[in-house]
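Residue numbers (this note's numbering), protein chains in the order written: chain A, 1 to 399; chain B, 1 to 365. Notes follow the structure.
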Amino acid sequence: MKRVQLGLLGMVALLICSTLSGCWSSSPVEDLNLEAGIAMDVAEQSSQEEQINRKGGYYPKKELIKGTFQFVVPEESNGSGSSPSQTKKFYNITETGDSVFEMLREISLRTNRPPIGFHLKTVIISSSLLRKVSLYELLDFFLGDNDIRPSVLLLISTGKAGDALQEKIPGQTPAFILKDIFLNRKRNSRLLKPVSLAKAIGPMKARSSFLLPNVITTESEIKLAGAGIIKGKTQKYGGFLNESEVEGLMWIKGELEGGLLKTIDPKTGKNIAYEIKSVKSSIKAIVQGDEISFRVRMTSEGRISENFNPNEDLGSNRLLGREESIFQEKVNSLAEQTVAKMHKLKADVGGFGEALRIQHPKVWHKVKKDWDTTFSTIPVRFSTDIHIEDYGASNTTAD
Amino acid sequence: MGVGKVKADKITTLQTTVIIVSFMLAAGLLTLPRVMVKDSMTPDVWISIILAGGIVFLSGWIMVKLSQRFPESTFYQYVQRIIGRAAGKVIGVLLVIYFVCIAGFEIRSVEEVTAFFLLEGTPVWAISAPFMWISLYLCMGGVGAMGKICQIIFPITASIFLLICLLGLNVFELNNLRPVLSEGVMPVFKALKTTTLTFTGTECMLIILCRMEKPEKATRVVGLAIGIAVVFYIAAVILCIGAFSVEGVITRTWPFLDLARSFEVEYLVLERFESLLLSIWIMQIFATFSIAFYCASLGVSQILNRSYSATLFILLPAIYILSQIPQNLNELFSLGTILGNGAIILFGLLPLPLLLISRWRGVRS
């Protein structure tokens, strides 16, 4: 009997131990301010902050960064459900300062719910801020923090970064929209691969140039358009690739998951459009003596989706062949245009340096120190091979 | 009771293998990619792992051969017969110190990582105290209980590790690992020492071989265990370099943990896997800690002829105090390096002369 009692007592003790130990540092999620997105602009005080400062809420800082912090409003579990889809699911707080960490902690004085970074999805930095401060300094906090994950997406904005976090679609959180737009990469060929913090660490540390997707905002909409260049040496903003230059870049890198290619048939003067099923590319570095050059081969398969000419029958191989060559020329010109821009901006963001590093490690060793400048004079040749596999359900355009 | 205990305190070949694997896979797994790349600055470090595996197998083989000459007794007992009572006791004490330090190092690593990533705000003693008490309880059960625990832990570890590696392919870029051997072979050798350090673990064969049901299979056990550890380490290093690139990986304090944090999976039940990784990793460290604790306590009890369970209770606070000595993360990492260097002397250089002396003097049980 005594042993049974003792055993029971032990079990109770164990149960208490296991239940207690689980909740030591727990904090209920509805008592936290979950960060969803952070936007950083050049400092300029918000009206709220001005009022706060006027009333004595000032702490010593060089005003440098204006941070817009987006927090998710935890959904209340009200069973009646009074049209929850239209209510705002987030709110923004703006804070000015010179250290991201300090700004975040200063917010803890303005709200009872402490900001917490577990669910941070997007960080948007304005290009004008990146002209003044290097990316590494801006991201230092995110890279070392224990809550914020390296999977956070990085974006640049040529406009005001904070605007991208304003409500555009009712009931949706902008930070999440920005992240999910990248799921549309298989529908559009003008979008970069998403750049997460993890992917930015390497180039930042190696001081090589790389791209961040760019977001522009209008009164009621946002759009991911083009890309901003982070220059290798300075890790500051170094120029902009517009949408068609990004399209050319995606062909050069062979990173397309889908999308389309549109051009004009010179014979008929009408649009023709090609839907991309797959793209592969290979960059070959050619070294002859001291001369470096690159040859890029791109191959693609896909289908004709639009052909505005009712008199042409896509059943004929001759026509398909002619259209293939029109598309090939288009790709080549897109790619050339992109490389011309890279040459002009003195930044290699097309993976040419990487190709040289892998194929000719010794040569790379010699030129890597000033690669962006060296690259600006290196010729690149393109060849494209497009194969039209089918033309969908209709072989002519209906008259 | 006595008879039953002797019978229970034997471990099967499989159990021995998982004990050694668990002893090898510990804190090193999370930091290895950074440490190796820092030394060599090349993505070819995976070659160093294979080479290090070979070297460690060689030293493991010597230790097995040595222990197989005395299949009835532990290292602490037979070393006194090989080189005399006093010198043998000194070496035994060195070994005990080594195991105590290993245990302290592991418990501190658990504290650091858990307090930073998993349980922010929980006092560190609350993390380590249950950990150590449960380990004490496990060690009371002897090596048989430990074998069973490792047998349970290892499949869980392996499957979660595999899952994380597969998901890690999401952020993997092969170009970060190319070209192979662009810097020549020298960097590969540079990374060899640090790699060998993380492979320490075969030394527990000196103590547990006499508990094996089939001691004649010990060489195969060591080979298999090292093989498994090589696969784990190579996977971790290749994936981390593939995700962060050579330049990026050296900036990460815990590269493998950051790898698990670098992707979000929306189609599986869990979106983030670092907590899973941390939990298996804590289990693995628990195994390492327990084995080191067991080896140290057994050593003290056999050198001083005291009861084994009393030594367990005496050593536990000593280990805890030791674990609190490093003042910061850097000191913790350098303690790891010192331990590795100690292991090279104790288990890389010492067993061979011992084996030769015992052959020459014809000592065997």
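Don't be surprised by glycine CBs; every beta carbon is placed ideally from N, CA and C.
When 9 Å is used as the limit between beta carbons, A/Ala206 is near these residues of chain B: Ser245, Val246, Glu247 and Gly248, in chain order. Cα atoms of A/Leu6 and A/Ser27: separation of roughly 35 Å, rounded to the nearest angstrom. For the pair A/Gln166 and A/Gly37, the Cα-to-Cα distance works out to about 11 Å. For the region 250 to 270 of chain B, residues whose beta-carbon sits nearer than 7 Å to a beta-carbon of chain A comprise Thr251, Asp258, Arg261, Ser262, Phe263 and Glu264.
Going by DSSP, A/Tyr91 is part of the beta strand (DSSP E) stretching over Phe90 to Gly97.
Residue range Val380 to Asp390 is occupied by the beta strand (DSSP E) that includes A/Glu389.
Against chain B, a Cβ distance below 8 Å from A/Asn146 picks out Phe116, Phe117 and Glu120. Take A/Phe352, set aside five residues on each side of it, and the residues of its chain with a beta-carbon closer than 8 Å to its own are Ile283, Ala285, Phe294, Phe375, Ile378 and Val380, in chain order. Its Cα nearest to that of B/Val180, the residue B/Val246 stands out among B/Gly88, B/Val246 and B/Ser159.
Interface with chain A (7 Å Cβ-Cβ cutoff): B/Pro43 is excluded. B/Phe263 is positioned such that its CB atom lies closer than 7 Å to that of A/Ser151. Under the criterion of beta carbons closer than 8 Å, B/Phe244 and A/Ile201 qualify as touching, at roughly 6 Å.
For A/Lys284, the enclosing beta strand (DSSP E) begins and ends at Asn271 to Gln288.
B/Thr337 sits exposed, since fewer than 16 C-beta atoms from the chains shown fall within 10 Å of its C-beta. Closest in alpha carbon position to B/Ser279, among B/Leu298, B/Val113, B/Leu352 and B/Ser182, is B/Val113. Taking CB atoms only, B/Pro179 has a neighbour in chain A less than 7 Å away.
If you draw a straight line from the Cα of B/Glu120 to the Cα of A/Ile116, it is about 12 Å long.
Put simply, the CB of B/Asn170 is far from chain A, with every gap to its CB atoms at 7 Å or more. A Cβ-Cβ contact shorter than 7 Å links A/Met103 with A/Gly67. For the pair A/Thr122 and A/Lys199, the CB atoms are not nearer than the 7 Å cut-off. Counting the other Cβ atoms within 10 Å of the Cβ of B/Pro255 gives 16 or more, which makes it buried. Residue pairing by DSSP places A/Val296 opposite A/Ile283 and A/Phe382 in a beta bridge. Rounded to whole angstroms, the gap between the alpha carbons of B/Leu270 and A/Ser325 is 48 Å. For the pair A/Tyr136 and A/Met204, the CB atoms are nearer than the 7 Å cut-off. The alpha-carbon of A/Gly159 is positioned some 12 Å away from that of A/Leu130.
Less than 7 Å separates the beta-carbon of A/Val246 from that of A/Ala227. B/Ser358 is classed as buried because its beta carbon has at least 16 other beta carbons within 10 Å across all chains shown. Listed along the chain, the chain A residues whose CB falls inside 9 Å of the CB of B/Ser182 are Arg357, Ile358, Pro361, Lys362, Trp364 and His365.
Residues of chain A with a Cβ closer than 7 Å to the Cβ of B/Asn175 are, in chain order, Glu354 and Ile358. A buried status is given to B/Tyr294, since no fewer than 16 other beta-carbon atoms sit within 10 Å of its beta-carbon. The alpha helix (DSSP H) runs lying completely inside the region 167 to 233 of chain A and spanning 4 residues or more are 174 to 180 and 197 to 206, given in chain order. Residue contact with chain B for A/Ser99: absent (no Cβ-Cβ distance below 7 Å to any residue of chain B). Distances from the alpha-carbon of A/Gly259 to those of A/Leu139, A/Glu301 and A/Phe90 put A/Glu301 closest. Between the alpha carbons of B/Gly223 and B/Leu346 lies a gap of roughly 20 Å. By the beta-carbon neighbour count (other beta carbons within 10 angstroms, threshold 16), A/Gly144 is exposed.
Under the 7 Å criterion on CB atoms, A/Gly202 is classed as interfacial with respect to chain B.
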